[in-house]
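For what it's worth, the numbering used here labels the leading residue of the sequence shown as 43, then goes sequentially. Written below as C-alpha cells is the structure these notes are about.
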Amino acid sequence: MGKTLIIGAGGVSSVVVHKCCQNPEVFEEICLASRTIGKCDAIKKQLAGSRTKIQTVQLDADNIQSVIQLINSFRPDIVINVALPYQDLSIMDACLATGVNYLDTANYEPPDIPKFEYKWQWAYREKFRNAGITALLGSGFDPGVTGVFCAYAQKHYFDEIHSIDIVDANAGDHGYPFATNFNPEINIREVTANGRYYENGDWIKTGPLELKRIYNLPEIGPRNVYLLYHEELESLAIHIKGIQKIRFWMTFSDNYLNHLKVLQNVGMTSIKPILYENQEIVPLQFLKAILPDPASLGPRTKGKTNIGCIFQGIKDGRPRTYYVYNVSDHEKCYAEVGSQAISYTTGVPAMIGAMMMLEGIWKKPGVFNVEEFDPDPFMAALTRYGLPWKEDFAPTLID
Ligand code: NDP
C-alpha cells in the first residue's frame, strides 16, 4: 500500500519497524534513517527475510535540507518520526516542503529548556491544512493510546466526563540499580520537572513528585504512583468536552527515586552546560552516556506494565466510573520483537497510527492529536497488533 520513511533507530524505532514488517500489505517499503546508520543496519538485519523491503540511510534530522533531500529521493507516503522530540519541527518543516504526511510520539522540545507543550506544533495547523497533508501528534502509548482511550470513553460510555486519571505503571525489573526505560535525557527531564494538573479551567502546580497515591492495579498489585505533568493533559483538557479534572500518575520504585535524588543533589541531572577540561558538556547528556542504553534492557527485564485511564462522569443522568487499561509483559514483548514493554507499548501505536493514515481511515488535512479521530478502528487494531485492552470499574485506591 505505501512507502514509509522512519526516522530514528532507537528502542521505539526498532519496535515500529518490526510491527510494520508484520503488516507488509500496508508497509510495503521502508526507508529507515537515523544519525547512526549502524543502528539502522542492525534493525534491518533482524528483519532479513521480511516481505517489507527495507533500506537504510544516514540522516541528521536536525538539518531540514537533508530531510527534504531524503524525502525527495525516497518519495514516502508518510514519515514516522521516532527520533527525539528535538527533531519534531525540522521534520515537520521537511514534510511541509515536500507534501508528505507526518506522525510522531512526543511533542517538540526546545533543547535548552523542558516545556512539554504543543504550541510549537499546533502553530503548524493552518500550514498543514493548506498543504492538504496530515500531521498526527503523539501516537505512542502516553501520549497516544491514552488519548484514544479518552475518545473511546467519551464516545461509548459517557454523556459528560468529569475527571480522568491516567495511570502509567511499570512493574518491570531490569536488575540494574538505576536505568531509565526510554531515552534517559527525556525521561529525567520529565520526572524532575514540577508536577501540574488541570482542574476547572486552571493548571494547578505541584512540586516534582509531591503528590503520591497507592493503587491496587490489575495483574501487578499495589503500586506507588506520583503525579507528573504529561503532555497529553494539554490536548485532552481541550478536546474532551466538559472535562473538569485531569491528572497523570506514574510509578517509580523507591530505589529509582533514591538514585535520582542523589544524581539531582550532585547536579548530574542539570541541562545547563558546564565547562569540563575546556569543553562544554551538559551533565544530563553525560549521564545518558554512562547509563545503560534503554534498548539494551530488553533481555533483562521481567514483569509487566499496566497503563490505563480511570474516568468518572455521567451517563443517562447517573454517575458512572469506567477504567480501560492494557497490561503488557516485558518478556513476551522481548520474545516477539526483541524489545522490552516500554518501547513495545510506544512502537505498536506508532505503527497503528501510520496504518490508520495510510489506509485513509484517519485522514484529514491539518495537525491533530489522536483523540480528535474516531477511536474505534484504532482500539480494534490495538487488540490485533499486540496491545489488547480490558475494561473494568476503577482500581482500588489504597491510599
Ligand atoms: P532512543 O534514544 O532510543 O532513540 C532515538 C533515536 O533517534 C536514536 O537512534 C538517535 O540516534 C536518533 N536521533 C537523535 N537525534 C537525531 C538526529 N538529529 N537525526 C537523526 N536521528 C537522530 O529513544 P527512544 O526510542 O526511547 O524514543 C524515541 C521517541 O519516542 C522519543 O521522542 C521519545 O520521547 C518517544 N517516546 C514516546 C512515548 C510515548 O508513549 N508516547 C514513550 C517512550 C518514548 P543515535 O542512535 O545516533 O543516538
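Glycine included, C-beta positions come from ideal geometry on N, C-alpha and C. Please read these numbers as outputs of a predicted model, since none were measured by experiment.
Arg-93 vs Phe-200 beta-carbon contact at 8 Å: No. Outside cutoff.
Bridge partners - Leu-270, DSSP secondary structure assignment: Residue pairing by DSSP puts Leu-270 in a beta bridge opposite Phe-290.
Exposed unless 16 or more other CB atoms sit within 10 angstroms - verdict on Ile-256: Of the other Cβ atoms in all chains shown, fewer than 16 fall within 10 Å of the Cβ of Ile-256; this residue is therefore exposed.
With 16 other Cβ atoms within 10 Å as the buried cut-off, status of Ala-422: By the 10 Å Cβ count, Ala-422 comes out exposed.
Rounded distance between the beta-carbons of Gly-189 and Glu-433, thought under 8 Å: Between Glu-433 and Gly-189 the beta-carbon gap is near 17 Å, outside 8 Å, which marks them as no contact.
Assumed close pair Asn-297, Pro-219 - CB separation to whole angstroms, cut-off 8 Å: About 7 Å separates the two Cβ atoms, so the contact holds.
Distance, Cys-137 Cα to Ala-84 Cα: Ala-84 and Cys-137 have their C-alpha atoms some 26 Å from each other.
Closest by C-alpha distance to Ser-312, when choosing among Ile-228, Pro-260, Thr-343: For Ser-312, the nearest C-alpha among the options comes from Ile-228.
Option nearest Asn-212 by Cα separation, candidates Tyr-367, Glu-202, Ala-235: Minimum Cα distance to Asn-212 is reached at Tyr-367.
Any non-hydrogen atom of the ligand NDP within 7 Å of Gly-180 CB: Answer for Gly-180: yes, Cβ within range of the ligand NDP.
Given Ile-384 as reference, the closest of Ala-377, His-372, Val-109, Gly-395 once Cα atoms are compared: The shortest C-alpha separation from Ile-384 is found at His-372.
Continuous beta strand (DSSP E) assignments of at least 3 residues falling wholly in the stretch 313-398: Listed in chain order, they are 316-318, 321-323, 346-357, 360-371.
Asp-210 in three-state terms, based on DSSP: Looking at Asp-210 - three-state DSSP - the assignment turns out to be strand.
Simplified DSSP assignment, three categories, for Gln-163: Gln-163: helix per DSSP, three-state reduction.
Alpha-carbon spacing of Glu-71 relative to Thr-46, whole angstroms: CA-CA distance, Glu-71 to Thr-46, rounds to 6 Å.
Inter-residue Cα distance where the pair is Lys-86 and Leu-317: Using only the alpha carbons, I get a separation of about 39 Å.
Per-residue DSSP class, three states only, for Gly-186: If DSSP states are grouped into helix, strand and coil, Gly-186 belongs with the strands.
Any non-hydrogen atom of the ligand NDP within 7 Å of Ser-26 CB: Past the edges of the chain, shown from 43 to 441, lies residue 26, and the structure says nothing about it.
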